[in-house]
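Below: one structure, written as structure tokens.
Number of protein chains: 2
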Amino acid sequence: MDEIMSSKKNILTAVMAAAALTLSMDRVYSDEGMWLYDDPPLEILKAKYNYSPSAEWLEHLQKASVRFNNGGSGSFVSADGLVISNHHVGAGALEKLSTEENNIFANGFYARTSAEELRCHDLELNVLMSIEDVTDQVNAVIRPGMSSEEAFKARREIMAKIEAESLEKTGLRSDVVTLFQGGKYSLYRYKRYTDVRLVFAPESLIASFGGDTDNFEYPRYDLDISIFRVYENDKPAKIEHYLTWNMKGVAENDLIFMSGNPGSTSRLITMAELKSDRDLVLPHTLQRLNRLEVLYSVWAARSKENSRRAKQSILGIQNARKAFGGHFTGLLDPSLIAKKEAEEKALKEAIAASSEYKDTLKAFDQIAQIEKDAAESYLPYRIWEGAQAFNSSYFGFARTLLRNADEKSKPSGERLREFRDSNKVSLELRLFSEAPIYEDFEILRLTDSLKFAIEQLGYNDPLVQRVLAGKSPEARAFELVKETQIKTAERRKAIYAMSPVEIQKLNDPMIEVARVVDGAARQLRKVGEQQAELTKQAHDKIAKARFALMKEHSYPDATFTLRLSYGQVKGYEEAGQAIPFQTDLKGMYAHAEDHDYEGDFDLPESWKKPLKALDLNTPCNFVSTADIIGGNSGSPVVNRAGEFVGIVFDGNIQSLVGEYVYTDVQARSTSINCQFIIEALNKVYGAEDLAKEILNGRR
Amino acid sequence: MDEIMSSKKNILTAVMAAAALTLSMDRVYSDEGMWLYDDPPLEILKAKYNYSPSAEWLEHLQKASVRFNNGGSGSFVSADGLVISNHHVGAGALEKLSTEENNIFANGFYARTSAEELRCHDLELNVLMSIEDVTDQVNAVIRPGMSSEEAFKARREIMAKIEAESLEKTGLRSDVVTLFQGGKYSLYRYKRYTDVRLVFAPESLIASFGGDTDNFEYPRYDLDISIFRVYENDKPAKIEHYLTWNMKGVAENDLIFMSGNPGSTSRLITMAELKSDRDLVLPHTLQRLNRLEVLYSVWAARSKENSRRAKQSILGIQNARKAFGGHFTGLLDPSLIAKKEAEEKALKEAIAASSEYKDTLKAFDQIAQIEKDAAESYLPYRIWEGAQAFNSSYFGFARTLLRNADEKSKPSGERLREFRDSNKVSLELRLFSEAPIYEDFEILRLTDSLKFAIEQLGYNDPLVQRVLAGKSPEARAFELVKETQIKTAERRKAIYAMSPVEIQKLNDPMIEVARVVDGAARQLRKVGEQQAELTKQAHDKIAKARFALMKEHSYPDATFTLRLSYGQVKGYEEAGQAIPFQTDLKGMYAHAEDHDYEGDFDLPESWKKPLKALDLNTPCNFVSTADIIGGNSGSPVVNRAGEFVGIVFDGNIQSLVGEYVYTDVQARSTSINCQFIIEALNKVYGAEDLAKEILNGRR
């Protein structure tokens, strides 16, 4: 009797909760969502904004969107291959093009002629050409009774097969993407550009004005842009889908769209997974970031050249530290946890009340068990397979060369996934890059990461001891970096062609240390892959139950694939103050003044010399409710007409919990206004030709 | 038969090892040692330098030496109470005297008249007046069969009794000091000065020229000094023992002495203890320092005023990070470990071979077992009793007030040691200090330290949960800091007088959170004290065996009590380059120039304006082989005649392993030349009167 009552009560609660959710979805749509291009939120846009984008509108935006494979987004802005993105997205490429004499990253760059455009060392851009649902094909290979190892292998094989066939057929980069944590599989086909040349970059001071202090803050005033051109056959590529600019920019409450590649979110994970983030992943990650930030900053302070060599890495670390810090803060907020717990409870109760999906409850327990198992090998996994013991570019090359030799003789579908045929071009682009590597910085990083391994796993860990080979971390790092032969692309190409036996005969210390850990690293990876496979199977079930029972139109967690976000240009209130939706150049100069033009609040000389023609009312940056996250950096912002009005480059501090939940009370994404860009090109940088090309859509 | 052979071999090895050690001690004396004033290395000084300081020479230097109770050293340099130390030793006092409008720490200070001298908030100086060996008296209370708890209590009681009787009899601050890790107990009696006034400080830029980059590096060019005056009855104190200056300074190979208070070394610890440092203590400490360095630096970058408020703490953290980093590097050097292992092996073999001390071998195992036990509660101990969860000045007050109420009704010998009668003056000086506390900085620190506790002990740790009280770390820190009543010295005085019941009625949230953890914290402390007691007993045995068997004249590990070091002024070789023993002002300007006068390599305006009279050949800093460590900062350097020739302020990076072993190949201590000080006072700061007082030894 008690049991019946209690189960009845559960059903009621579940139904009520589901109803409440559905009700709220019916009534008040938020601007949440990083939507799939093959499943856009048409009904919400219609209901909330009375807006119905056409298929052509969507296709145009999709194909004008560009993925920066190093972790960002961008868009085509001329028929002659011009791509605009953030400075901080292009920064890696800028740094690799810089030298002690010519610090392009810091001082900026402008190619007045095609001949002056600088080819990037290893930048790969992708344009999404098509999406195909291959869920059934992928899941068909998983049969009941398969071990997790068999299932993982079968899935890896079918994914590689689909990719290889697609590449063969279309010549396009073909990736099978796992969506909804395993609830859906889609084949994404990309046009790939590997000849990417730098056209324009402002000085880093104005690109990241306010530095780490203002990062993830608002109001901001940053010209965080860089402009590239893609080439094919040594000529500027001809682009059909590029965005035209609307120099009117944005007004408050405007509906806007962002099209880019959010890297990763964790909104659909279970409470068990969320607690792993809170208790294990984030503390470990933040601890490592703090130590690296100190290490690199201290080293950078020693000289201008050290600073130049480390600057990129420091910016990346600071950005990650602030972002992950925001995630951690979110997970320590009892109200966020309560919200996530209530959501999971409602879903579980709905599942329990359903005859069809009742069995899915077990999936939550399975995930909890996997998290528990995975926690035990988390540290060794991060240190060895994650290579946290080897913070060294040379080590990355060494491992790739070592593993490639072992993998290349296998069929593509049986290799470690990064060695599959369809990834060959991208892998070789990085491996044979001529980008400079600085040995002093390598030694610093490797010494410290060896110490990190000692601290995390213990000095007497047998593998740690084998890696150290009886030496101090300093001495060992020094000899590994100094004595490895893999320093030139030419030499790496030669080794890349070698057999395992030939490589062993080289007796290269860096390759040999990669070999020392490779057995353990591969074993950890294998276990991790099996755990991931089981997690996917469980999430597949949960996703199916959620679709069926919760009746929401939803979007998968971010996967660094193209998504469409939408929202309104909108200010907000903070500590009783109204924060305006947009800043302007007057504000920029005032902000510099407030900080005595010191440190990160200094402006480059180009902005300090008398600029009479400069319109101080030019808008700089604006905020909106559109739902984005890291990886979206550089995404174009377009209006209802699909016209370019800005580029996303940041979110405010309140948006950082977006990793786990969307909120629009104060959370905002921050974008650069299109007018700011043109004003700067014309009045500050004398880049009128470039501005003209952008505004005309062609040279 | 085998057994006999092997034990015979052991004896032989031990005898040979002991002989080898003795032999090497006979032949080549190094400049190692932080010697006790009641047991100076007379025979070594005689043998190596043909120098025999008289009893008067020693007494004069001892009584001219001043301990800065916040963790440094200094010396009297005039009969009218002038005390000179490092800027970084005085920095805490300088910061407390600074305001947003008048940043004395950064901009410097000079009191041209007595009336202008600024009284420090809570600075206590001590002068060692006498030393008395009380080992037998202390050990007499420990009887066989006592539990570690009984033994600890008995020892605490007798120490408090000796101190109380001495205080009663002499009126002097009386501390029983534990030496040789428990091998010896001495009663140190100090004259105490609590009215200390600031006379002079240079700008922080020149005091720590080169900043964190040059800290623990050489060559250096730092005017790291601050000058105070001690008062009694509102008048400058009359000082009998003060140092006279010798403006000739130092020459290479000069024998010099340093007299100061090295804080702590770990040279006599066993391998088991050393491994605890390597595997547990140092990784934890460095992790925390890295996070604090990032936290404070990021906050400081937001505004000038933030920077002023956090600067002191940042400098302290950076110094500690570099020092502990050096210790860790040392312990990861296989050659250092091999040396320590060989020493312990030789000692153990000598012990095993001796009929009288054979039993002492067990002491090593006991210590190993205690280390193992202590490791288990290390984290909770640091978090709760070490208050790492509460990085807040208000929390410090709250705990003191809470515990004081409980402790004051007990006899002095039964109280937690910091509440013993003989410590009352020092405790109240700090508790009732009017030094400013900044609530924004308090909230920042407390929020982060609550997160640190979560990360270290886990979110679901019951005590962590009780401390958080259902709130986020941000919200909890905010309410604790905002709502506590203990913000003024007046209020703290009132609460200090209250009974436990009255305090409970206050319902002060900061005191209440101190109460929440106090049960656990006290229990952890009790266990820790018992472990420490057992360790002392074991070390007492080892020390006795070492004295008897190894026949070395030796010195105890540093204990922040007065020690005498000696050595030679001497350059060294690094990477094939000869590093000169001394730098000069020419070098200082060249060093600034090399770094474009940027950041920490900028010089204050006072040094940049045309200073025609300045002698650029004036020596700045010099290095010597004398054996010092943190706490020695500010120690006077004197020549054979006992005349002041400089002040120690640093050691080079190679000296950092001095925590565990002395070396003189490259390791050097770094001092400020006396001529640099006088040149600066006369030519840069217009402080001719002060220079005159110093050179004349009176006003």
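Order-wise, the sequence lines are chains A and B. Under this note's numbering, the first sequence is numbered contiguously, ending at residue 770. Under this note's numbering, the second sequence is numbered contiguously, ending at residue 770. Beta carbons: idealized from backbone N, C-alpha and C, even for Gly.
Q) The beta strand (DSSP E) spanning residue 377(A) covers which residue range? A) Element bounds for residue 377(A): not the beta strand (DSSP E) but the alpha helix (DSSP H), 375-402.
Q. Would you say residue 525(B) faces chain A, with C-beta separation under 8 Å as the test?
A. It does; some Cβ of chain A falls within 8 Å.
Q: Name the one or two DSSP bridge partners that residue 329(A) has.
A: DSSP lists 636(A) and 708(A) as the bridge partner or partners of residue 329(A).
Q: Identify the continuous alpha helix (DSSP H) that holds residue 176(A) and give its terminal residues.
A: Per DSSP, residue 176(A) is one residue of the alpha helix (DSSP H) stretching across 175-178.
Q | Proximal residues to residue 548(B) (C-beta, below 7 Å), its chain only, five neighbours per side dropped | A | Excluding positions up to five away in sequence, the list reads 514, 517, 518 and 521.
Q: Would you verify that the beta carbon of residue 174(A) is, or is not, closer than 8 Å to some beta carbon of chain B?
A: Any Cβ of chain B closer than 8 Å to the Cβ of residue 174(A) would place that residue at the interface, and such an atom is absent.
Q | residue 425(A) versus 151(A), 708(A) and 621(A), residue with shortest Cα-Cα distance | A | The residue among 151(A), 708(A) and 621(A) with its C-alpha nearest the C-alpha of residue 425(A) is 621(A).
Q) How close, in whole Å, do the beta carbons of residue 251(A) and residue 507(A) come, if the pair is a contact with beta carbons under 8 Å? A) Between residue 507(A) and residue 251(A) the Cβ distance is about 41 Å, and since that is not below 8 Å, they are no contact.
Q. Name the chain A residues whose beta carbon is nearer than 8 Å to that of residue 372(B)?
A. Neighbours of residue 372(B) on chain A, chain order: 282, 283, 284, 670 and 671.
(Q) Can you give me the C-alpha to C-alpha distance between residue 374(B) and residue 152(B), rounded to a whole angstrom? (A) Taking the straight line from one Cα to the other gives about 38 Å.
Q: Show which residues of chain A have a CB atom less than 7 Å away from the CB atom of residue 425(B).
A: What residue 425(B) touches in chain A: nothing, since even the nearest Cβ is about 32 Å away.
Q.
What does the Cβ neighbour count give for residue 236(A), buried or exposed, with the cut at 16 atoms within 10 Å?
A. Exposed, by the Cβ-count rule.
Q. Is residue 768(A) helix, strand or coil by DSSP?
A. In the three-state reduction of the DSSP assignment, residue 768(A) falls in the coil class, being assigned neither a helical nor a strand state.
(Q) Classify residue 105(B): buried if its beta carbon has 16 or more other beta carbons within 10 angstroms, exposed otherwise. (A) Label assigned to residue 105(B): buried.
**Q.** 4 or more residues per run - each alpha helix (DSSP H) lying fully within the segment 252-304 of chain B
**A.** Assignment of alpha helix (DSSP H) within the segment 252-304 of chain B, counting only whole runs of 4 or more residues, yields 275-278 and 282-285 in chain order.
**Q.** Under 8 Å by beta carbon: chain A residues contacting residue 463(B)
**A.** None at all; the shortest Cβ gap to chain A is about 18 Å.
Q) In three-state terms, what does DSSP make of residue 536(B)? A) Residue state, collapsed to three classes: helix.
Q) Using a Cβ-Cβ distance under 8 Å, would residue 530(A) count as near chain B? A) Yes, residue 530(A) counts as interfacial toward chain B.
Q: Determine the chain A residues that contact residue 405(B) at a beta-carbon separation under 8 Å, and present them in chain order.
A: Chain order gives the chain A residues near residue 405(B) as 541, 542 and 543, where near means a beta carbon separation below 8 Å.
Q: Going by DSSP, name the residue or residues bridged to residue 141(A).
A: For residue 141(A), which the question treats as bridged, DSSP gives no partner whatsoever.
**Q.** Rounded Cβ spacing between residue 331(B) and residue 706(B) (contact assumed at less than 8 Å)
**A.** Contact holds; Cβ gap of about 3 Å.
Q: Rounded to whole angstroms, what's the CA-CA distance from residue 79(A) to residue 699(A)? Just pull it up for me.
A: Note on residue 79(A): pLDDT 39, under 50, position unreliable in the model; the coordinate value appears next. When rounded, the distance between both Cα atoms is 40 Å.
**Q.** Straight-line Cα distance separating residue 379(A) from residue 368(B)
**A.** When rounded, the distance between both Cα atoms is 20 Å.
Q. For residue 327(B) versus residue 695(B), is the C-beta spacing smaller than 8 Å?
A. Yes.
Q. Excluding sequence positions up to five away, which residues of its chain have a Cβ less than 8 Å from the Cβ of residue 756(B)?
A. Excluding positions up to five away in sequence, the list reads 179, 181, 271, 273 and 677.
**Q.** Whole-angstrom C-beta distance between residue 542(B) and residue 405(A), which should lie under 8 Å
**A.** Contact flag correct, Cβ pair sits at about 7 Å.
Q. Got a sec, what are the start and stop residues for the alpha helix (DSSP H) residue 677(A) sits in?
A. Its alpha helix (DSSP H) spans residues 676-679.
Q: Could you tell me the distance, in whole angstroms, from the CA atom of residue 532(A) to the CA atom of residue 448(A)?
A: For residue 532(A) and residue 448(A), the distance between alpha carbons rounds to 14 Å.
Q. In terms of residue numbering, what span does the alpha helix (DSSP H) encompassing residue 582(A) cover?
A. Under the DSSP assignment, residue 582(A) falls in the alpha helix (DSSP H) whose first and last residues are 580-621.
Q | Contact between the segment 347-359 of chain A and the segment 744-752 of chain A (3+ Cβ pairs under 8 Å) | A | Too few Cβ pairs lie closer than 8 Å, so no.
Q: Hey, could you find the ends of the alpha helix (DSSP H) residue 160(B) is sitting in?
A: Annotation for residue 160(B): the continuous alpha helix (DSSP H) segment containing it runs 158-168.
**Q.** Spatial neighbours of residue 140(B) in its chain, beta-carbon cut-off 8 Å, leaving aside the 5 residues before and after
**A.** Here the set comprises 194, 195, 196, 197 and 497.
Q: Could you tell me whether the segment 121-138 of chain B touches the segment 304-319 of chain B, using the rule of 3 or more Cβ pairs below 8 Å?
A: Yes: at least three Cβ pairs fall under 8 Å.
Q) Would you call residue 687(B) buried or exposed, if buried means 16 or more other Cβ atoms sit within 10 Å of its Cβ? A) Note on residue 687(B): under 16 other CB atoms within 10 angstroms of its CB, so exposed under the neighbour-count rule.
Q | Proximal residues, the segment 503-522 of chain B versus chain A, C-beta separation under 8 Å | A | Of all residues in the segment 503-522 of chain B, 522 have a Cβ within less than 8 Å of some Cβ in chain A.
Q | Cβ-based neighbour list, residue 94(A), same chain, cut-off 6 Å, excluding 5 preceding and 5 following | A | For residue 94(A), the predicted model reports a pLDDT of 40, less than 50, meaning its position is unreliable and no value from the coordinates is stated.
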